[in-house]
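Student:
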Amino acid sequence: MATTADDSTQVATAGGTGLPGDLPPVPDGAVMLTVHIQRFNPELDDAPHTESYRVPALPGDRLLNVLHYIKWYIDGTLTFRRSCAHGVCGSDAMRINGRNRLCCKVLIKDLIGDKRNEVTVEPIKGLPLLKDLVVDMEPFFDAYRAVKPYLITYSAEPTREHVQSPADRARFDDTTKCILCAACTTSCPVYWSEDAYVGPAAIVNAHRFIFDSRDEGGRERLEILSDAEGVWRCRTTFNCTEACPRGIQVTQAIQEVKRALMFRRI
Amino acid sequence: MTAAFDPPATRGIEAPRAPKRRVGGRRGTNFEMYAWLFMRSSGIALVILVLGHLLIMNVLDGGVHRINWGFVAGRWSSPFWQIWDLVMLWLAEIHGANGLRVIINDYTRRDGTRFWLQLMLAASVVLVMSVGTLVIFTFDPTMS
Numbered sequence: 001m002a003t004t005a006d007d008s009t010q011v012a013t014a015g016g017t018g019l020p021g022d023l024p025p026v027p028d029g030a031v032m033l034t035v036h037i038q039r040f041n042p043e044l045d046d047a048p049h050t051e052s053y054r055v056p057a058l059p060g061d062r063l064l065n066v067l068h069y070i071k072w073y074i075d076g077t078l079t080f081r082r083s084c085a086h087g088v089c090g091s092d093a094m095r096i097n098g099r100n101r102l103c104c105k106v107l108i109k110d111l112i113g114d115k116r117n118e119v120t121v122e123p124i125k126g127l128p129l130l131k132d133l134v135v136d137m138e139p140f141f142d143a144y145r146a147v148k149p150y151l152i153t154y155s156a157e158p159t160r161e162h163v164q165s166p167a168d169r170a171r172f173d174d175t176t177k178c179i180l181c182a183a184c185t186t187s188c189p190v191y192w193s194e195d196a197y198v199g200p201a202a203i204v205n206a207h208r209f210i211f212d213s214r215d216e217g218g219r220e221r222l223e224i225l226s227d228a229e230g231v232w233r234c235r236t237t238f239n240c241t242e243a244c245p246r247g248i249q250v251t252q253a254i255q256e257v258k259r260a261l262m263f264r265r266i
Numbered sequence: 267m268t269a270a271f272d273p274p275a276t277r278g279i280e281a282p283r284a285p286k287r288r289v290g291g292r293r294g295t296n297f298e299m300y301a302w303l304f305m306r307s308s309g310i311a312l313v314i315l316v317l318g319h320l321l322i323m324n325v326l327d328g329g330v331h332r333i334n335w336g337f338v339a340g341r342w343s344s345p346f347w348q349i350w351d352l353v354m355l356w357l358a359e360i361h362g363a364n365g366l367r368v369i370i371n372d373y374t375r376r377d378g379t380r381f382w383l384q385l386m387l388a389a390s391v392v393l394v395m396s397v398g399t400l401v402i403f404t405f406d407p408t409m410s
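Which chain is which? The protein sequence lines are A and B, in order. Using our numbering, read the first sequence as starting at 1 and increasing by one per residue. Using our numbering, read the second sequence as starting at 267 and increasing by one per residue.
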């Protein structure tokens, strides 16, 4: 389908003959949703622009279903990442109505109101834009790697396994949930203006090992995070906590790392 | 065609200055930690110092209307109030300046802008603190 200009939205019309290339029948109870998506094709465009699509969606659908509908039936050039589509892989973080969310966890019924059947979808901010909703995640993973997110031990290996009490395991349970979707880091205003800041996600993953009783590399990680671009740049705006699709108390984790640094006590 | 699209002002924010990234490259100081700690401790101290100051100056014993040359001279004849005012001046100035330093670091985009703003800030701190300290210690009630 040819792309249209400005506000003339691209509408999917139901076919129903069952032939290949036809649109699927619109199910009962579907609402027409207008989706404004920030599009950018590096080979054609000088700057990103917004395109709008009108698609049928059930209230119980996820926003990912809507993006699939657009890609499969309206405009196949729409580019976005998704993998598991069930909120575990962390591929599809995007700005939905201005908030960082996983589009596979956002339900249509939570986006529409009595008067509003519109939703805005943009790529996450603060990372280089590659195409449409896809950003270059490499700077994000650089910061992640910088905090040594793996078990470090120096003492003799135990003969069987590293034993840990349930209480010790519970100490860092919250930060084990991170799926590296970058929703927190790209919601952080400090990261927007200065991407040398390691960002909340890297601190969360450092926290996961710093407070692990089996790990012995906590001191090195704390030294890394005490850098000028480390935890002290956090302004506790709580954007990260608000954005985290796994419900991790990100700001609290950052503050716990600050406290550990202050008292050098892990 | 793999080049990342990264011009300014298209994402609402400028491109991250990726080449500046130096995570993990420690420069061997805990300056930011001490700055952070200073902001908390000086903040607590300033609550007491400033509220006490406001109480004395504006509320107690006739409040602001009794303040004149003689009142100030009387207060600064006591080393206690000299030290109180000195500590309040220094803490407030450094506390505020550190806050501005952080804001400048967060918001400036170009290294040149940042340098000059920080330099102006540092100059204003030195000026205010030296003039203030000078007045507290050299105030002479007999001069007119």
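Even for Gly, the Cβ is constructed at its ideal location relative to N, Cα and C.
At the 8 angstroms Cβ level, is F263 of chain A part of the contact set with chain B, yes or no?
Tutor: No - not a single Cβ of chain B is within 8 angstroms of the one on F263 of chain A.
Student: Relative to the C-alpha of F211 of chain A, which residue among A:Y69, A:T175 and A:K115 is closest?
Tutor: Out of A:Y69, A:T175 and A:K115, A:T175 has the C-alpha closest to the C-alpha of F211 of chain A.
Student: Verify whether the separation of the beta carbon atoms of F40 of chain A and D136 of chain A is less than 8 angstroms.
Tutor: No, these two residues do not count as a Cβ contact at 8 angstroms.
Student: Just to check my reading of the structure: I108 of chain A and P59 of chain A have Cβ atoms closer than 8 angstroms, yes? What is that Cβ distance to the nearest angstrom?
Tutor: Their Cβ separation, rounded to whole angstroms, is 5 angstroms, which keeps I108 of chain A and P59 of chain A in contact under 8 angstroms.
Student: How long is the line joining the alpha carbons of Y53 of chain A and V35 of chain A, rounded to whole angstroms?
Tutor: In a straight line, the C-alpha of Y53 of chain A is about 5 angstroms away from that of V35 of chain A.
Student: CA-CA distance, C184 of chain A and R332 of chain B?
Tutor: Approximately 55 angstroms between the Cα atoms of the pair.
Student: My assumption, with CB atoms under 8 angstroms, is that G90 of chain A sits in contact with T120 of chain A. Please give the rounded CB distance.
Tutor: The Cβ separation is near 21 angstroms, so there is no contact.
Student: Apart from the five residues just before and just after V230 of chain A, which ones in its own chain have a Cβ nearer than 7 angstroms to its Cβ?
Tutor: The sequence given here has Gly at residue 230 of chain A, not Val. For G230 of chain A, where only same-chain residues beyond five positions count, the Cβ hits under 7 angstroms are V198 and I224.
Student: Spatial neighbours of H162 of chain A within its chain, please: C-beta separation below 6 angstroms, excluding the five flanking residues on both sides.
Tutor: Excluding residues within five positions, the ones whose Cβ falls inside 6 angstroms are R214.
Student: Residues in the same chain with beta-carbon distance under 6 angstroms from L355 of chain B, minus the five sequence neighbours each way, listed in chain order, please.
Tutor: So the qualifying residues of the chain are G398.
Student: Going along the chain, which residues of the stretch 350-378 of chain B sit with their C-beta nearer than 9 angstroms to a C-beta in chain A?
Tutor: Residues V368, N371, D372, Y373, T374 and R375.
Student: Excluding the 5 residues flanking D61 of chain A on each side, which residues of the same chain have their C-beta closer than 8 angstroms to its C-beta?
Tutor: For D61 of chain A, where only same-chain residues beyond five positions count, the Cβ hits under 8 angstroms are L107 and I108.
Student: Under 8 angstroms, do L312 of chain B and H361 of chain B count as touching if we go by C-beta distance?
Tutor: The answer is yes: Cβ separation under 8 angstroms.
Student: In the stretch 116-158 of chain A, which residue ranges form an unbroken beta strand (DSSP E) of at least 3 residues, counting only runs that do not cross its ends?
Tutor: 118-122 and 129-131, all fully within the stretch 116-158 of chain A.
Student: Taking the alpha carbon of L357 of chain B as the reference point, which residue from B:F403, B:M299, B:P407 and B:V392 has its own alpha carbon closest?
Tutor: Minimum Cα distance to L357 of chain B is reached at B:V392.
Student: Are the CB atoms of A253 of chain A and I203 of chain A nearer to each other than 8 angstroms?
Tutor: Yes. Within cutoff.
Student: Could you spell out the range, first to last residue, of the alpha helix (DSSP H) harbouring Y300 of chain B?
Tutor: Y300 of chain B -> alpha helix (DSSP H) spans F297 to L320.
Student: For R39 of chain A, write down the residues that DSSP places opposite it in a beta bridge.
Tutor: Partner(s): A:H49.
Student: Between the stretch 299-311 of chain B and chain A, which residues of the former have a C-beta closer than 9 angstroms to a C-beta of the latter?
Tutor: If the cut-off is 9 angstroms between Cβ atoms, the stretch 299-311 of chain B has M299, A301, W302 and L303 near chain A.
Student: Considering only their Cβ atoms, is the gap separating C178 of chain A from A201 of chain A smaller than 8 angstroms?
Tutor: Cβ atoms of A201 of chain A and C178 of chain A: closer than 8 angstroms.
Student: For chain A, find out if any of its Cβ atoms is closer than 8 angstroms to the Cβ of N296 of chain B; answer yes or no.
Tutor: Taking Cβ atoms only, chain A reaches closer than 8 angstroms to N296 of chain B, which makes this a yes.
Student: Could you check what DSSP says for L268 of chain A in three-state terms: helix, strand or coil?
Tutor: Limits of chain A in this structure are 1 at one end and 266 at the other, which puts residue 268 of chain A out of reach.
Student: Evaluate T236 of chain A with the Cβ neighbour count: other Cβ atoms within 10 Å of its Cβ, from every protein chain shown; 16 or more gives buried, anything less gives exposed.
Tutor: Exposed, because fewer than 16 other Cβ atoms sit within 10 Å of the Cβ of T236 of chain A.
Student: With DSSP as the reference, label G291 of chain B as helix, strand or coil.
Tutor: Confidence at G291 of chain B is low in this model, with a pLDDT of 46, below 50, so its placement is unreliable and the value that follows should be read with caution. The answer is coil: DSSP assigns G291 of chain B none of H, G, I, E or B.
Student: Decide if N100 of chain A is buried, meaning its Cβ has at least 16 other Cβ atoms within 10 Å, or exposed.
Tutor: The residue in question, N100 of chain A, is buried, as its Cβ has 16 or more Cβ neighbours within 10 Å.
Student: Out of A:F209, A:Y154, A:Y191 and A:C181, state which residue places its alpha-carbon closest to the alpha-carbon of R169 of chain A.
Tutor: When each option's Cα is compared against that of R169 of chain A, the closest is A:F209.
Student: Short of 6 angstroms in beta carbon distance, which residues of its chain neighbour C244 of chain A, apart from the five on each side in sequence? Order them along the chain.
Tutor: Excluding residues within five positions, the ones whose Cβ falls inside 6 angstroms are C184 and V250.
Student: With DSSP run on the structure shown, which of helix, strand or coil describes A93 of chain A?
Tutor: Correct three-state label for A93 of chain A: strand.
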